[in-house]
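S.K.: My structure is below; once you've seen it, I'll send some questions.
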Amino acid sequence: MKNFLEVNNLNVAFPTEDGLVRATNEVSFSVARGETLAVVGESGSGKSVSSLAVMGLHNRKTAQITGSAILNLESGPVDVISADEEVVRRMRGKEMAMIFQDPMSALHPYYSIGDQLSEAWRLYNEGSKADGIKRATEMLDLVGIPNAAKRVTEFPHQFSGGMRQRVMIAMALINNPSLLIADEPTTALDVTVQAQILKLIRDLQIEFNMAVILITHDLGVVAEVADRVNVMYAGRIVEQAKIDDAFYSPDHPYTIGLLQSIPRVGKQQRLHAIPGQPPSLINLPEGCSFRARCEYSNQVSGNLCATKMPALQEKIAGHLSRCHLEESQLKKAREAVK
Ligand SMILES: Nc1ncnc2c1ncn2[C@@H]1O[C@H](COP(=O)(O)OP(=O)(O)OP(=O)(O)O)[C@@H](O)[C@H]1O
Ligand SMILES: [Mg+2]
28 MKNFLEVNNL NVAFPTEDGL VRATNEVSFS VARGETLAVV GESGSGKSVS SLAVMGLHNR
88 KTAQITGSAI LNLESGPVDV ISADEEVVRR MRGKEMAMIF QDPMSALHPY YSIGDQLSEA
148 WRLYNEGSKA DGIKRATEML DLVGIPNAAK RVTEFPHQFS GGMRQRVMIA MALINNPSLL
208 IADEPTTALD VTVQAQILKL IRDLQIEFNM AVILITHDLG VVAEVADRVN VMYAGRIVEQ
268 AKIDDAFYSP DHPYTIGLLQ SIPRVGKQQR LHAIPGQPPS LINLPEGCSF RARCEYSNQV
328 SGNLCATKMP ALQEKIAGHL SRCHLEESQL KKAREAVK
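Using this note's numbering, the first residue of the sequence shown is number 28, and each one after it goes up by one.
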């Protein structure tokens, strides 16, 4: 399976008055059509920043971006990071689309849903406004909004949170993109609606053979819908694995900590939050970024965790992690999750 998206050594930094914020560092991953890659990690770990880079949405005048994010289009590969901004603008919405964290901020309050969807469609299609509204109505129908013909004339504030999120999905998919990035698409919704939206994304992914990147805080969601996962910490990928490997054989203490923090069905267990906070992205410490919060760093000899950033190593095919612990030590650490 050829990858649709290949991100290589992506670094995004923002100069600020306090110093350079290194929001993502050496981020590399790929996603194929039909595949769902989950991205997890605490707030501020670089999930949105790396996705916005793939969408070409950072301001090139202010953000410092290096590395590449290659989309393998039918017409040939295009690197979003180095391509002309006009080329990227034309690809956005058509080749790659994103559902944002806050759907209200992405919808215009003064235009009807139909007008907004229709405009999005007409950017890439020859057609009258009436054709656009027809297409908008079909999309609302496709994402499960009842009475689409009427609702297409309504405004964002007339939709509930779950319905608004469906509108955002319709907007993102109206031009049949090959890559969909969904940034916490269900965080604000109640559990039943969450499940419906995730199922909708999954169904549409299968129907259109899309590559999907799903950003979430929720490991339960990951287990349910993703094929692989990137675990991010302080701007870096600390573990990358197939879902079963990540859940049953995690290779990084941070992943182990995250797994300990999900309640298990049928098991009385206290919720475990990882104590402490991530380091400042302006002054990243020497050595491993997770060291200050890691229960196991004292087991590594030679003070290595404090002096050397572990490389992202592939121990078995497709399973990578950044940690100095030996396999025997990890094996013990994994016991904490069971
Ligand atoms: N334009 C910017 N200027 C300066 N710093 C920024 C900018 N955009 C993002 N950051 C910083 O980059 C870091 C990564 O942010 P990002 O939005 O990717 O986090 P996230 O993992 O998506 O978190 P959350 O789960 O809260 O959405 C944060 O520390 C954030 O404050
Ligand atoms: Mg985010």
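C-beta atoms are modelled at their ideal positions from N, C-alpha and C, and glycine is treated no differently.
Quick check: R263 and E53, are their CB atoms within less than 8 Å of each other?
M.R.: As a first step, residue 263 must be located in the sequence shown, where it is residue number 236. As a first step, residue 53 must be located in the sequence shown, where it is residue number 26. In this structure, E53 lies closer than 8 Å to R263 by Cβ.
S.K.: Note down, in chain order, each residue of its chain lying with its Cβ closer than 7 Å to the Cβ of N30, except the 5 sequence neighbours on either side.
M.R.: Taking the sequence shown and counting its residues from 1, one reaches residue 30 at position 3. S57, V58, A59, N99, listed in sequence order.
S.K.: Could you say which of D106, G68, V67 lies nearest to S36 if we only look at CA atoms?
M.R.: Here residue 36 is taken as the residue at index 9 of the sequence shown, counted from 1. Before going on, a small fix: residue 36 reads as Asn here, not Ser. Nearest option by C-alpha distance: D106.
S.K.: According to DSSP, simplified to helix, strand and coil, what is A238?
M.R.: As a working mapping, residue 238 is identified with position 211 in the sequence shown. Correct three-state label for A238: strand.
S.K.: Does the stretch 337 to 347 come close enough to the stretch 77 to 87 to have 3 or more Cβ pairs within less than 8 Å?
M.R.: They do not touch, by the three-pair rule.
S.K.: How about G303 and C332: do their beta carbons lie closer than 8 Å?
M.R.: Position 276 of the sequence shown holds residue 303. Position 305 of the sequence shown holds residue 332. No, these two residues do not count as a Cβ contact at 8 Å.
S.K.: According to DSSP, simplified to helix, strand and coil, what is N52?
M.R.: Mapped onto the sequence shown, residue 52 falls at position 25. Correct three-state label for N52: strand.
S.K.: Considering only heavy atoms of ligand 1, does any lie closer than 7 Å to the CB of F127?
M.R.: The residue you call residue 127 lines up with position 100 of the sequence shown. Not so, every heavy atom of ligand 1 lies at least 7 Å from the Cβ.
S.K.: May I ask which residues mark the beginning and end of the alpha helix (DSSP H) holding T93?
M.R.: As a first step, residue 93 is located in the sequence shown; it is residue number 66 there, counting from the start. Per DSSP, T93 belongs to no alpha helix (DSSP H); it is in the beta strand (DSSP E), 91 to 100.
S.K.: Ignore the nearest five residues each way along the sequence and tell me which others in R162's own chain have a CB closer than 6 Å to its CB.
M.R.: Along the sequence shown, read from residue 1 onward, the residue named residue 162 stands at position 135. These residues qualify, in order along the chain: W148.
S.K.: Work out the CA separation of V170 and G141 for me, nearest whole Å.
M.R.: In the sequence shown, counting from the first residue as 1, residue 141 sits at position 114. In the sequence shown, counting from the first residue as 1, residue 170 sits at position 143. Approximately 14 Å, taken between the alpha carbons.
S.K.: Can you give me the C-alpha to C-alpha distance between A176 and Q143, rounded to a whole angstrom?
M.R.: One-based indexing of the sequence shown puts residue 176 at position 149. One-based indexing of the sequence shown puts residue 143 at position 116. Cα-Cα distance, rounded: 15 Å.
S.K.: Measuring only from the beta carbon, is S77 closer than 7 Å to any heavy atom that is part of ligand 2?
M.R.: Position 50 of the sequence shown, counted from the first residue, corresponds to residue 77. No; taking the cut-off as 7 Å, the Cβ of S77 has no heavy atom of ligand 2 nearer than that.
S.K.: Measure the CB-CB distance between L32 and L231 and report whether it falls below 8 Å.
M.R.: Working through the sequence shown from its first residue, we reach residue 32 at position 5. Working through the sequence shown from its first residue, we reach residue 231 at position 204. No. Outside cutoff.
S.K.: Using DSSP bridges, identify the partner residues of A343.
M.R.: What you label residue 343 is simply residue 316 of the sequence shown in a count that begins at 1. This sequence places Ile at residue 343; Ala is not what is there. Its beta-bridge partners are H346.
S.K.: Taking 8 Å as the threshold (beta carbon to beta carbon), is F317 in contact with chain C?
M.R.: No chain C appears in this structure, which consists of one protein chain only.
S.K.: Report all residues from its chain with a CB closer than 7 Å to the CB of A199; omit the five preceding and five following residues, and keep chain order.
M.R.: Taking the first residue of the sequence shown as 1, we reach residue 199 at position 172. Cβ neighbours of A199 beyond the five flanking positions: A124, M125, I126, L207.
S.K.: Can you list, in chain order, the residues of its chain whose CB lies under 7 Å from that of E322, leaving out five sequence neighbours each side?
M.R.: Walking along the sequence shown from the start, residue 322 turns up at place 295. P280, listed in sequence order.
S.K.: List the residues that DSSP assigns as beta-bridge partners of A268.
M.R.: Translated into the one-based positions of the sequence shown, residue 268 becomes position 241. V256.
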